[in-house]
Amino acid sequence: MTFPHAIATIVESIALPHGYTLAIWSAGALAVFGYRVLHVRDVFLFVIGAVTGFLIFALPTWRSVASSSTISISLPSIALLNIFPLAAAVASSLVTRRIGKREVGYFVTGMTATVVYILSLSLLIALVGR
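Using the working numbering, the first residue of the sequence shown is number 18, and each one after it goes up by one.
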């Protein structure tokens, strides 16, 4: 394998987790900026919100995913641009601005970032992957 091909392989394999990391980090940073306060419980509420957002999609699809011993995905190359974290960040900042109660806001912001990232990539795969 050539070095450029090796780089391409790595970039392709980390595209989704890299994008989600950017989405969730930016949502958290924007929430802290918006609420101006961060307590330990807020971190846990944010994480619980993000996990809840993931489970909204994971639980209904669990049976089909669990029946396979491996999970693979064909990703349209446009997904490598990683523009979807921006959509998640914008949606999360709008949510943070609308929810005045900090504890609820951290939970919903974590969930929003996850849901928007999953939905936007799913839409891309459904539209481009045809």
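We treat Cβ as the ideally placed atom computed from N, Cα and C, and that holds for glycine. Note that the coordinates shown come from a computational prediction; the quantities given were computed from them, not determined experimentally.
- Consult DSSP for G117 and reduce its assignment to one of helix, strand or coil. Taking the sequence shown and counting its residues from 1, the one referred to as residue 117 is at position 100. Three-state DSSP puts G117 in coil, outside helix and strand.
- Task: Throw me the rounded Cβ distance for the A44 and G127 pair, which I believe falls under 8 Å.
- Result: Counting from 1 along the sequence shown, the entry for residue 44 is found at position 27. Counting from 1 along the sequence shown, the entry for residue 127 is found at position 110. 7 Å between Cβ atoms; contact.
- Message: Quick check on the DSSP output: the alpha helix (DSSP H) that includes P34 runs from which residue to which?
- Response: Here residue 34 is taken as the residue at index 17 of the sequence shown, counted from 1. That run of the alpha helix (DSSP H) goes 20–52.
- Item | Which of helix, strand or coil DSSP assigns to L3 | Because the chain in this structure spans residues 18 to 147, residue 3 falls outside the shown range and cannot be described.
- Task: Helix, strand or coil for P77, going by three-state DSSP, please let me know.
- Result: Counting from 1 along the sequence shown, the entry for residue 77 is found at position 60. Three-state result, P77: helix.
- Query: How about the region 100–109 and the region 41–57: do they share at least three Cβ pairs that are nearer than 8 Å?
  - Reply: yes
- Task: Using the Cα positions of V64 and Y52, report the straight-line distance between them to the nearest angstrom.
- Result: In the sequence shown, counting from the first residue as 1, residue 64 sits at position 47. In the sequence shown, counting from the first residue as 1, residue 52 sits at position 35. Each residue's alpha carbon lies about 16 Å from the other.
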